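S.K.: Here the protein sequences line up with chains A and B, keeping their order. Counting the first sequence from 1 gives a position; my numbering is that position plus 1426. Counting the second sequence from 1 gives a position; my numbering is that position plus 1426.
2 protein chains.
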Amino acid sequence: MTMQITTPAPHAPAIPGRGRLRPLGQDDVRITGGFWGERQEINGRNTLAHIGGRLESEGWLPNFDLAAAGTLPAGRRGREFSDSETYKYLEALAWEIGRTDDPDLDKTFRAVVARVAAAQDPDGYLNTNFGRPGQEPRWSNLEWGHELYCLGHLFQAAVARERTRPGSDDGLLAVARAAADLVCAEFGADGRPAICGHAEVEVGLAELSRVTGDERYLEQARLFIERHGQGTLRDIEWGREYYQDDVSVRDAEVLRGHAVRANYLAAGSVDVAVESRDEDLLNALRRQWSRTVARRTYITGGQGSHHQDEAFGFDWELPPDRAYSETCAGVGSIMFSWRMLLNDGDPRYADLIERTLYNVVATSPSADGRAFFYANTLHQREPGSPVDPSATSPRAGSALRAPWFDVSCCPPNVARTLASLDAYVATVDDTGVQLHQYVPASIETTLPDGRAVAFDVETEYPRDGRVRVVARSEGEWTLGLRVPSWASDATLRIDPVTGTGEERRVSPGQVEVSRAFAVGDAVVLDLPMHPRFTRPDARIDAIRSAVAVERGPEVLALESVDFGTDVSDAVVDVSTAPVDRDGRVWVRVARRPATGTEWPYREGSAEPVRDTVDVPLVAYHEWGERGPSTMRVWIPSAE
Amino acid sequence: MTMQITTPAPHAPAIPGRGRLRPLGQDDVRITGGFWGERQEINGRNTLAHIGGRLESEGWLPNFDLAAAGTLPAGRRGREFSDSETYKYLEALAWEIGRTDDPDLDKTFRAVVARVAAAQDPDGYLNTNFGRPGQEPRWSNLEWGHELYCLGHLFQAAVARERTRPGSDDGLLAVARAAADLVCAEFGADGRPAICGHAEVEVGLAELSRVTGDERYLEQARLFIERHGQGTLRDIEWGREYYQDDVSVRDAEVLRGHAVRANYLAAGSVDVAVESRDEDLLNALRRQWSRTVARRTYITGGQGSHHQDEAFGFDWELPPDRAYSETCAGVGSIMFSWRMLLNDGDPRYADLIERTLYNVVATSPSADGRAFFYANTLHQREPGSPVDPSATSPRAGSALRAPWFDVSCCPPNVARTLASLDAYVATVDDTGVQLHQYVPASIETTLPDGRAVAFDVETEYPRDGRVRVVARSEGEWTLGLRVPSWASDATLRIDPVTGTGEERRVSPGQVEVSRAFAVGDAVVLDLPMHPRFTRPDARIDAIRSAVAVERGPEVLALESVDFGTDVSDAVVDVSTAPVDRDGRVWVRVARRPATGTEWPYREGSAEPVRDTVDVPLVAYHEWGERGPSTMRVWIPSAE
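1. Along chain A, which residues have their Cβ under 7 Å away from the Cβ of B/P1962?
2. Alpha carbon to alpha carbon, how far is B/P2054 from B/G1990? Give it in angstroms, no decimals.
3. Does DSSP put A/F1535 in a helix, in a strand, or in coil?
4. Ignore the nearest five residues each way along the sequence and tell me which others in B/E1929's own chain have a CB closer than 6 Å to its CB.
5. Taking the C-alpha atoms as reference points, what is the distance between B/S1763 and A/V1909?
6. Is there at least one Cβ from chain A nearer than 8 Å to B/D1616's Cβ?
7. Use the C-beta contact count for B/T1590: other C-beta atoms within 10 angstroms, 16 or more gives buried, fewer gives exposed.
8. Give a yes or no on whether the minimum CB-CB distance between B/S1911 and chain A is below 8 Å.
9. Chain B beta carbons: is any one of them nearer than 8 Å to that of A/A1710?
10. Give the secondary structure of B/S1508 by DSSP, where H, G and I count as helix, E and B as strand, and everything else as coil.
11. Between the Cα of B/L1447 and the Cα atoms of B/A1913, B/L1861, B/P1829 and B/I1969, which residue gives the shortest distance?
12. Below 8 Å, how does it come out for the segment 1513-1528 of chain A and the segment 1833-1842 of chain A: are there three or more Cβ pairs, yes or no?
13. Taking the alpha carbon of A/A1495 as the point to measure from, which residue in A/A1897, A/C1610, A/R1558 and A/I1725 has its own alpha carbon closest?
14. Is B/P1488 helix, strand or coil when you go by DSSP?
15. Using a Cβ cut-off of 8 Å, pull out every chain B residue sitting near A/G2030, in sequence order please.
16. Counting only Cβ-Cβ distances shorter than 8 Å, please list the residues of the segment 1659-1672 of chain B near chain A, keeping chain order.
17. I'd like the span of the beta strand (DSSP E) that includes A/A1972, first residue to last.
18. For a contact meaning CB atoms closer than 8 Å, what does A/V1813 contact in chain B?
19. Among residues of its own chain, excluding the 5 on either side of A/D1777, which ones have a beta-carbon nearer than 7 Å to its beta-carbon?
20. Which one of A/V1585, A/E1870 and A/R1877 has the shortest CA to CA distance from A/G1639?
21. According to DSSP, simplified to helix, strand and coil, what is A/V1787?
22. In the DSSP assignment, the alpha helix (DSSP H) including B/I1477 goes from what residue to what residue?
23. For A/E1884, which three-state DSSP category applies?
24. Going along the chain, which residues of the segment 1740-1768 of chain A sit with their C-beta nearer than 9 Å to a C-beta in chain B?
25. One question on the structure: do A/H1684 and A/V2059 come within less than 8 Å of each other, judged by their Cβ atoms?
26. Using a Cβ cut-off of 8 Å (strictly closer), state whether A/S1971 contacts chain B.
27. At least one CB of chain A closer than 8 Å to the CB of B/R1958: is that the case?
28. Determine the chain C residues that contact B/S1994 at a beta-carbon separation under 8 Å, and present them in chain order.
29. Could you tell me how far apart the beta carbons of A/T1803 and A/A1749 are, in whole angstroms, since I believe they sit closer than 8 Å?
30. Using beta carbons (cut-off 8 Å, strictly below), is B/V1786 in contact with chain A?
31. Does any C-beta atom of chain B lie closer than 8 Å to the C-beta of A/Q1863?
32. With DSSP run on the structure shown, which of helix, strand or coil describes A/V1923?
33. Please list the terminal residues of the continuous alpha helix (DSSP H) segment that includes A/E1902.
34. In whole angstroms, what separates the C-alpha of B/R1465 from that of B/R2018?
35. Count the other CB atoms within 10 Å of the CB of B/H1956; is the residue buried (16 or more) or exposed (fewer)?
36. Does the segment 1687-1698 of chain B touch the segment 1664-1679 of chain B, meaning 3 or more C-beta pairs lie closer than 8 Å?
Following this line, the structure appears as C-alpha cells:
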C-alpha cells in the first residue's frame, strides 16, 4: 500500500513523494515539554548561540567574508570542510525559527545567509577553500576536498528554510539552486563521472529536487549514488570502502567504511530509490539496514568502532572501550532509518531511532548545551581532565564533553536534529495518525481524505512508562502506537471521556486503535519501565559474559564517581535483578580483588568474587556530567 | 652483584658498561640451524635482497644520490622518514656480514655506505627531506620530521659495523660521528632544549658512545631522555603521550602512547641509566616494564592496541581483533627487555623476549621472507584478498602479508633482528654461561676470569621440548638455564659422558648447574610441550570467557581454512584438553548456530551449543600462509 502525496509539504526534513507513511512537520506537531522539550529549549537558548559564536571566533564564518572581499586564501582558517558547519548552523536556525518564530534568530539567519551569498562565485560555485589563485583548483581533490559534501549541507539548509518559510526573500534557496545547477553541469551524465569522498550531496540534492520540483537535482543525486562502487576515488590506507566506493549501493550487503559517510549515502539512496520507484535499490538498503543493526551497532544505537578511519568494523566488532560511535553517525543513522520508516512503515526503524536519540544524540551535549561528545565511548577506562570552556579540542575521543573541536561537525548536527525533532514524532496514512516517539505534544493535522484530527500526548516518558493520547477533536480515525521491542509486557487501555476502559496486553510492534473519537477520549499505553539486564550475542567478543542494564529506551552506565573505584574492577551479580530506588537504578556489584603485576594469561580458572555492594547507575546520556570518571555500560557478570 | 666489563666488546647490539650479565656476541655464539637458523638463512638469502631491491625501486636509496647531486627536492620519493629504512638495512647487512662473512654482502654494504656518505652535508647534517631550498628547514618540525630518529638508526648501523668489523675502512662510523657531533652541538645543554617526536636517537647515541668511548654522545642521550615529559612537542589529537612527552621517563608508571616510540625510548633509557648508575631511573623502567607486561601486552608479546595512533591502549585494553601489535613494537620490546635482562638478570625478561620472538618477530615475515605483516592482529574477522607480490601496500593492518608498505619500517626491523639473533641467546657472568633462548648452537667463550668454555646446544625446540647442552671443553663453571614461566613440570638431568643421570623437577625461573664439566658431559632440560589452554585475566574485557591454546613458547590459532567456516562461530569445549596428533594440535570445537538478523542485545540467556568436531590449530606465526582465511587466537569457551 503506497500513498501518493499531493497535499502541501509539511515543515519536515524529509518528504518523500510516496511511501506508506507521510511525515508530520513542525506545523502539525509541537513538542510541549518533557525530556526532549527541555533539550530543545537548551538547544535554542544556549547551543545555537554557542555555535554561532564559535563559527565567528574560529574564523569559519569570516572565511565567507574573505571570499567576498576577494582576499582569500590569506587569512582562511579551519579545515577544508569548515564551510559545512555554517550550513548546518543555518539549517538548525531554520528549524528553530520554524519551531519558535523567534525574530532575533531570523535576523541572525538572514545576516549569515547574506555573508554566504556574497561569497558565491558568479557561476554558482561556493567554497572558501578551493578555486582561487593560491588554493587548489575546484574539484581537484574529490577524495578529501569535501566541496560537494559542503554543498549538500547548503542544500539541506535551503530546504529547511523553504519548508518552514516558503518563498522567503532571504535568498538562500537561490544560492543553493545556483550551486546545484553548477553541480549538475559539472557532474551530470555528460560531465565528470565522479563522486565526492564524503557522501551528503546526494541527500541534499534529492531534497532540493523535492522542494523545488526540479527533476535534474534528483537525477544528479541518482547519478552520484550509482557511481559509488566504481572506484573513481583512489585507494587509500583504509581501502575504498572508507568512502563507499568499493561496492555499489545496490550490491552492498551491509554499511561499511566511514560511518557518517555510509549513513548519509544510505539516506540519500532511500530518497532516490523512493522517488524513482527503484525496489531493487530499496531491497538492498533494507538488507544493509538489517545486517548493520544486527551486527554492527552498539546497544546505544551508536555505530562505528574504528577511531582511525571513523568507520564501522567488521561484523561483531563492537568493542565498548573503543566505541567511536560518532555523534554524527547517530544523526546519519536516524536520517536513514526515518526514511525507511516512511517508506516501509516498519516500527523497527522507529525503535532504532528512539534508541539512538536517547543514547547518542542526547548523550553528546552537556546539560547546558555548550559542550559535546564527538565520539561516544561505552567504556571509559581512565578519567579525563577538566575541560577549559574556552578551548578547542584536537581530540574526537574524550572522557569529558568539549566546547568545540578542530573538526566540529557534531555540535551543529545535534543542533539541527534537536531543532527539527517535532517532525520525527508522528506520521499519517489513509487511516489515521501513527505515533513513533513518545513526547508530551500537541498534534493537529488533516488526513489525506480531509478528516481533521487533533490530540494531545501526555507523558513523562521515559521517567514514567505511561503515554496518554487525548482526543481534542471528534471523528473516526485510527491511532497507531509503537510498542518498543523491549516492551514485552506493555498494556493498552481506552478511556472514553466518561470513564475507564479495559486494560489489554499488547506485544512489541505496531498497535492500532480504530475508533470514533469523542473529545476527551484517551488511549493509554503503559510501557514497562522496570530496569532490566540485557545480554549480548556471544559473537560480540568484546562484551562476552557481560550484561548491560537498560530501563525503557535508556541504556544505563556505571560510573566510578558512584562506584568509588575504577569500574574495571566491577563484577555484577546477575542473580539480583536491578531495582529502581530513590529515582535511580541500583545493581549489586562486587569488586574483583586487585591484581595486575604478573603476566595476565595463565592456566587454571578465574579467581572468586565476593563482597557485593549495591551501586546506583546513571543514564548513559548523563554520564561525565559530574566531573572526571571512569564509566562502563557493559559490566562483567559473575554467573 | 654488578660486574665491571673490561674485555673486548662482543659482536652484539647492546653492550652495557656494567650489569649482572654480559652479552655473548656473534663471535661467541653461532646458531647452527633449527627454527631460528632457518629463518636466518631465509633472511640472508631472500629478505635482505628483497629490501635492497625495494629501497632502490621505491626511490628511497636513490634519494641519497639526489642529495649528493644537489638536485633535491626534485624527484625525492618516500615518506619523511624513509632514510631510516636504508640505515636499518645497513644495520641488518652489518650483522649478516658479521654472521656469515659474505663478501658480496660486504660489497653491497660498502656501496650503500658510499651513497649515504656522499649525501652528508659538510657540517655533518644528513637527511634527504629537510634543509634544502624548497624543503622545510632543518629541525623545523620536530614533532613529525623524524630527523633525529633517522640519525638514531644511522648510529645503530655504524655501531653494528664497528662491533663486527672494528676499524673497517668503509667510512660509516665517520659519517655517524659527524652527524652525532652536529646533534650534540645543536641539541646539547646550551642548544635547543628539544626532543625528536620519535624516540630512537637516544639508544643510537648511547650505543655510539659505547663503541667510540665518546662520553658526549651518552650525555646527549641523557639530555634527550630527561627532556621527555616537558611538553616541548606540541599537543596533538592523541595527546603528548603519543611521543612520551606527557610525563618524564622517571615519573611514568607504564609505557604509553606510540608503542614503537615508547619501547625505543625505554631501551635508550636503560642504556643511559646503566651507564650513569641511575638506580632511580632503572626502578622507573622496571616498574613500567612490569605494569606494561601485566596489563598492556597481548599473549603474543605484541604491544599496541590502537590503529589510529599505533599506540598502547589503557590498562586491560587488549582487543584481539584490533590488535595493532606492530612488528616494530615487538622489536622495540625485545630491545627494552634485553637491556633489562643484562642489567638485572631476571629471567622474566627473557620469557617475554622468547614470547615476542616466536609470536611477533617470527609472525611478520612469510615463509619465503619476501612479504610481511606490519600489524599482527590476533583475530582476523574477514579473509583478505590475494596480494600482488609487486605491489606496495598503503595499509598497515592486513589479513595477508604484503611485500612492501608505504611506511615500511617493519621489514628491515625484522631483518636486523634476525641477523643479530645469535647475540640474544646467551650471556656470561663471573660464574659461567646463561642460556636464555633455546636454539641449536655452538657456543665458545671466555669467562671474565679467563676460563674457556665451549659447548653445543642440541635441540629441536620448539617442536620438541628437549634441550641438550653438551660440553666441548673441560672445566668447572656454572650453566644457567631459563625454565620458561609456562613450563610448570620441566625436568633436568645431568648425563656425564659415561652414562645417564637422575632426572629432577625444576621450577620456572633460572636453574643453575655448577659442575666440573668433562668433554661430552650433557645437561638435559626437558620442557613440557603438551598443548595447554590459557585463560586471561577477567579484566581484559575483549577476551573474557575465551581461551587460547599454547604449546611451549608458541601461541596457536584457529584458521577458517581448517575450521571450514567463519571462526566467529567457534566455541571451544574446554572439558576436552587439546591434544598433539599427526604433528598438529587439535581442539574440540562446536559451531554456534547461525543467527545475526535481529537486534543482538536481549534479555534472557545464551543459546545452547552442540555438535562438536575436532579441528587442528596452526602456530600463530604460520597463520595466513595458506591463502585468505579468518583466524582467531582466543576462542570463546563453553563452560
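Quick reminder that beta carbons are idealized off the backbone N, C-alpha and C, glycines included. In this text the structure is predicted, and so the values were computed from the model without any measurement.
M.R.: On the basis of the supplied data:
1. Looking up residue 1962 of chain B in the second sequence gives position 536. Neighbours of B/P1962 in chain A, taken as residues at a C-beta separation under 7 Å, are given in chain order as P2026 and Y2027.
2. Indexing the second sequence from 1 puts residue 1990 of chain B at position 564. Indexing the second sequence from 1 puts residue 2054 of chain B at position 628. Each residue's alpha carbon lies about 12 Å from the other.
3. If you number the first sequence from 1, residue 1535 of chain A lands on position 109. Helix at A/F1535.
4. By one-based count along the second sequence, residue 1929 of chain B stands at place 503. Cβ neighbours of B/E1929 beyond the five flanking positions: T1917 and R1919.
5. Numbered from its first residue, the second sequence carries residue 1763 of chain B at position 337. Numbered from its first residue, the first sequence carries residue 1909 of chain A at position 483. C-alpha separation (whole angstroms): 59 Å.
6. For this step, residue 1616 of chain B is matched to residue 190 along the second sequence. Cβ-Cβ to chain A under 8 Å: no for B/D1616.
7. Along the second sequence, one-based indexing puts residue 1590 of chain B at 164. The Cβ neighbour count for B/T1590, taken over all protein chains shown within 10 Å, is at least 16; the residue is labelled buried.
8. The sequence position of residue 1911 of chain B within the second sequence is 485, counting from 1. For B/S1911, the closest Cβ of chain A is nearer than 8 Å.
9. The sequence position of residue 1710 of chain A within the first sequence is 284, counting from 1. So no, A/A1710 is outside the interface.
10. In the second sequence, counting from the first residue as 1, residue 1508 of chain B sits at position 82. Here B/S1508 sits in coil by DSSP.
11. Position 21 of the second sequence, counted from the first residue, corresponds to residue 1447 of chain B. Comparing Cα-Cα distances from B/L1447 to each of B/A1913, B/L1861, B/P1829 and B/I1969, the minimum goes to B/L1861.
12. Counting Cβ pairs under 8 Å, three or more are found: they touch.
13. Taking the first sequence and counting its residues from 1, one reaches residue 1495 of chain A at position 69. When only C-alpha atoms are compared, the closest one is A/R1558.
14. Translated into the one-based positions of the second sequence, residue 1488 of chain B becomes position 62. Helix at B/P1488.
15. For the purposes of this step, residue 2030 of chain A is taken as the residue at position 604 of the first sequence. By Cβ distance, chain B contributes R1961.
16. Within the segment 1659-1672 of chain B, D1661, I1662, E1663, W1664 and G1665 place their CB atoms closer than 8 Å to a CB of chain A, listed in sequence order.
17. Against the first sequence, residue 1972 of chain A aligns to sequence position 546. Here the beta strand (DSSP E) through A/A1972 covers A1972 to R1977.
18. Residue mapping note: residue 1813 of chain A aligns to position 387 of the first sequence, counting from 1. Within chain B, no residue comes near A/V1813; the closest Cβ sits about 13 Å away, beyond 8 Å.
19. Within the first sequence, residue 1777 of chain A is the residue found at index 351, counting from 1. So the qualifying residues of the chain are P1910 and S1911.
20. Counting from one through the first sequence, the residue named residue 1639 of chain A turns up at place 213. Checking every option, the nearest Cα to that of A/G1639 belongs to A/V1585.
21. Walking along the first sequence from the start, residue 1787 of chain A turns up at place 361. Helix at A/V1787.
22. Residue 1477 of chain B sits at position 51 when you count from the first residue of the second sequence. Start and end: L1474 to S1483.
23. Start at 1 with the first residue of the first sequence, and residue 1884 of chain A comes out as number 458. DSSP, reduced to helix, strand and coil, places A/E1884 within a strand of the structure shown.
24. Within the segment 1740-1768 of chain A, the qualifying residues are F1740, D1741, W1742, E1743, L1744, P1745, P1746, D1747 and R1748.
25. Here residue 1684 of chain A corresponds to residue number 258 of the first sequence, with the count starting at 1. Here residue 2059 of chain A corresponds to residue number 633 of the first sequence, with the count starting at 1. No, the pair does not count as a contact, with Cβ atoms beyond the cut-off.
26. Stepping through the first sequence from its first residue, residue 1971 of chain A is reached at position 545. Among the CB atoms of chain B, one or more fall inside 8 Å of the CB of A/S1971.
27. The sequence position of residue 1958 of chain B within the second sequence is 532, counting from 1. B/R1958 has a beta carbon lying within less than 8 Å of a beta carbon in chain A.
28. In the structure shown, chain C does not exist; the protein chains are A and B.
29. Counting from one through the first sequence, the residue named residue 1803 of chain A turns up at place 377. Counting from one through the first sequence, the residue named residue 1749 of chain A turns up at place 323. With a beta-carbon spacing of about 5 Å, A/T1803 and A/A1749 fall inside the 8 Å limit used to define contacts.
30. Position 360 of the second sequence, counted from the start, is the residue given in the question as residue 1786 of chain B. Look at B/V1786: its C-beta is not under 8 Å from any C-beta on chain A.
31. The residue given as residue 1863 of chain A occupies position 437 in the first sequence. Taking CB atoms only, A/Q1863 has no neighbour in chain B less than 8 Å away.
32. Here residue 1923 of chain A is taken as the residue at index 497 of the first sequence, counted from 1. Coil at A/V1923, not helix or strand.
33. Counting from 1 along the first sequence, the entry for residue 1902 of chain A is found at position 476. A/E1902 -> not in any alpha helix (DSSP H); beta strand (DSSP E) instead, spanning G1901 to V1909.
34. To locate residue 1465 of chain B, count along the second sequence from 1; it is residue 39. To locate residue 2018 of chain B, count along the second sequence from 1; it is residue 592. Their backbone Cα atoms lie some 38 Å apart in a straight line.
35. As a working mapping, residue 1956 of chain B is identified with position 530 in the second sequence. Answer is exposed; the Cβ neighbour count stays below 16.
36. Three or more Cβ pairs drawn from the segment 1664-1679 of chain B and the segment 1687-1698 of chain B lie within less than 8 Å of each other, which places the two stretches in contact.
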